[in-house]
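Colleague:
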Amino acid sequence: MDHMRAIVITEPGGPEVLSWREVPDPRPARGEVLIEVTASAVNRADLLQRKGFYDPPPGTSPYPGLEVSGVVAEAGPDVLGFEPGDRVCALLAGGGYAERVAVPWQQVLPVPNGVSEIESAGLPEVACTVWSNVFMTARLRKGETLLVHGGASGIGTMAIQLAKAYGSRVVATAGSPEKLARCLELGADEVVNYRTEDFAEKVTADVILDIIGGPYLERNVAALNSGGRLVVIGLQGGTRGQLNLGALLAKRASVHGTTLRARPVDEKGVIVRGVKDNVWPLIEAGAVRPVVEATVPLAEAAEAHRLLENGQHIGKILLVR
């Protein structure tokens, strides 16, 4: 059996449980392409998986990593639109921290013009997350206000830029002067320091993109305009909060909870096609850019996890072979 190297989680725990090891080579199944990986990126889901709290969906790669860039090495039967040699990036259910990964062709994108192959590794997860939640689910419209929590995160930096490109007003929360300044540079119209200010007393929004969860629920609903949409995509603060249904009804507002990783391939394919049609042209025009904090060698993924957990980063942390 042929082998490659990948980051293996030896047991649930801290960054030190990530080990660069020889493992069996993946083979592309029907409808999959095999990508020779150039770079991957670190997402909070990887930290949860490392700690034993977020297992990969059944039948998918056991290694962490929800996105990669690289070159198509092989195309399985029934693959449409990709062939060996194509420069691509891809949304994964797992397996990105490796030298090679097999992925359904529906989740693969060409590397956008004007973006390096390495940088493009940090695009699929944030672009698909923001497009599916802010635009497909919450239907943010031109002239509406988007409130982005964690505006300096990978998702936040993409949400600010994309919403501005579509003609919306953007308010971002962050926890340091450096992060607040970067949010303004990326196009935010207003920023709120969540450590010293209560966003619910300062702003109202039509759409809120939330990564905190429980502790923000009541204030998020309070900050919604009439007909507002709250989309919860992360639970960094916890799973439980108070929901005033009276306020929700009076505002004719809605609360959505979503995840991306476990969706069926066809659903991911719809999102990926939406990103290719609507986000890629903005990236190629220079209106939206990947924001990269650091690049770390893939074999040193533990150091990249420490950087992300430290919380000082702005944008994405990439892993490079």
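In this text, residue positions in the sequence shown follow the UniProt record's numbering: the first is 1, and each later residue adds one. Beta carbons: idealized from backbone N, C-alpha and C, even for Gly. Please read all numbers here as calculations on a predicted model, not as lab measurements.
Whole angstroms is fine: what's the gap from R273's alpha carbon to V88's?
Modeller: Roughly 14 Å separates the two Cα atoms.
Colleague: Could you tell me the distance, in whole angstroms, from the CA atom of A90 to the CA atom of V191?
Modeller: Rounded to the nearest angstrom, the two C-alpha atoms are 32 Å apart.
Colleague: Taking Cβ positions, are G227 and A253 nearer each other than 8 Å?
Modeller: Yes; because the gap between Cβ atoms is below 8 Å, this pair is in contact.
Colleague: What residue from R141, N43 and P112 has the CA that sits closest to S153's CA?
Modeller: The shortest Cα separation from S153 among R141, N43 and P112 belongs to N43.
Colleague: Leaving aside the five residues before and after P28 along the sequence, list all residues of the same chain whose C-beta is less than 6 Å from its C-beta, in chain order.
Modeller: Excluding residues within five positions, the ones whose Cβ falls inside 6 Å are L34, E74, G76 and A102.
Colleague: Going by beta-carbon coordinates alone, are T129 and V231 separated by less than 8 Å?
Modeller: No, Cβ-Cβ distance for T129 and V231 is not below 8 Å.
Colleague: Excluding sequence positions up to five away, which residues of its chain have a Cβ less than 8 Å from the Cβ of K251?
Modeller: V221, L224, N225, S226, G227 and G228.
Colleague: Which whole-angstrom value is the C-beta distance of A6 and V23, which I expect to be below 8 Å?
Modeller: The Cβ separation is near 5 Å, so the contact holds.
Colleague: Apply the 10 Å Cβ neighbour rule to N133 and answer buried if 16 or more other Cβ atoms are within range, or exposed otherwise.
Modeller: Buried is the call here.
Colleague: Considering Cα atoms alone, identify which of L80, G167, G96 and L66 is closest to V37.
Modeller: When each option's Cα is compared against that of V37, the closest is G96.
Colleague: Starting from A174, follow its DSSP beta bridges and name the residues at the other end.
Modeller: DSSP lists N193 as partners of A174.
Colleague: Does at least one heavy atom of the ligand FMN sit under 7 Å from the Cβ of A205?
Modeller: Summarising the ligand content, the structure contains no ligands, and the ligand FMN is consequently not present.
Colleague: Starting from A6, trace the beta strand (DSSP E) both ways and give me its first and last residue.
Modeller: First-last of the beta strand (DSSP E) with A6: H3 to I9.
Colleague: With distances taken Cα to Cα, identify the nearest neighbour of V72 among R21, E303, R100 and T259.
Modeller: It is R100 whose Cα lies nearest to the Cα of V72.
Colleague: Buried or exposed: where does G213 fall if 16 or more other Cβ atoms within 10 Å of its Cβ makes it buried?
Modeller: G213 should be labelled buried.
Colleague: Cβ of V288 within 8 Å of Cβ of L140?
Modeller: The answer is no: Cβ separation not under 8 Å.
Colleague: What did DSSP end up calling T102 once you bin it into helix, strand or coil?
Modeller: Residue identity differs from the one stated: residue 102 is Ala in this sequence, not Thr. Reduced to three states, the DSSP call for A102 is strand.
Colleague: Can you give me the Cβ contacts of G175 inside the same chain, cut-off strictly under 6 Å, excluding the 5 residues immediately before and after it?
Modeller: The residues are Y194 and R195.
Colleague: Whose C-beta lies closer than 6 Å to the C-beta of R240 among residues of the same chain, with five residues either side of it excluded?
Modeller: Only G214 meet the Cβ criterion.
Colleague: Find out if the Cβ-Cβ distance for the pair R169, T145 is shorter than 8 Å.
Modeller: Their beta carbons are under 8 Å apart, which means R169 touches T145 by this criterion.
Colleague: Are there 16 or more other CB atoms within 10 angstroms of the CB of G116, so buried, or fewer, so exposed?
Modeller: First, the residue type needs correcting, since residue 116 is Ser and not Gly in the sequence shown. Burial call: exposed.
Colleague: How far does the alpha helix (DSSP H) with E83 in it reach, from first residue to last?
Modeller: No alpha helix (DSSP H) contains E83, which DSSP labels as neither H nor E.
Colleague: Between which residues of its own chain and H256 is the CB-CB distance below 8 Å, once the five residues before and five after are set aside?
Modeller: Only N133, T137, A138, R229, L230, V231 and V232 meet the Cβ criterion.
Colleague: Just the C-alpha distance for D206 and H149, rounded to the nearest angstrom, thanks.
Modeller: Straight-line Cα distance between these residues: approximately 14 Å.
Colleague: T258 by DSSP, collapsed to three states: which one?
Modeller: DSSP places T258 in coil when its eight states are reduced to three.
Colleague: F82: which of N278, P110 and E67 sits nearest, CA to CA?
Modeller: Comparing Cα-Cα distances from F82 to each of N278, P110 and E67, the minimum goes to P110.
Colleague: Taking only three categories from DSSP, how would you classify V111?
Modeller: V111: coil per DSSP, three-state reduction.
Colleague: By the three-class DSSP mapping on this structure, what secondary structure does P297 have?
Modeller: Residue state, collapsed to three classes: strand.
Colleague: Given this structure, state the Cα-to-Cα distance separating K164 from K202, to the nearest angstrom.
Modeller: Answer to the nearest angstrom: the Cα atoms are 20 Å apart.
Colleague: Since I believe V292 is in contact with E178 (beta carbons under 8 Å), could you give me their beta-carbon distance rounded to a whole number of angstroms?
Modeller: Actually they do not touch by this definition, with Cβ atoms about 16 Å apart.
Colleague: Could you please give the first and the last residue of the uninterrupted alpha helix (DSSP H) stretch that includes D206?
Modeller: Where D206 is concerned, there is no enclosing alpha helix (DSSP H), although the beta strand (DSSP E) it sits in stretches over A205 to D210.
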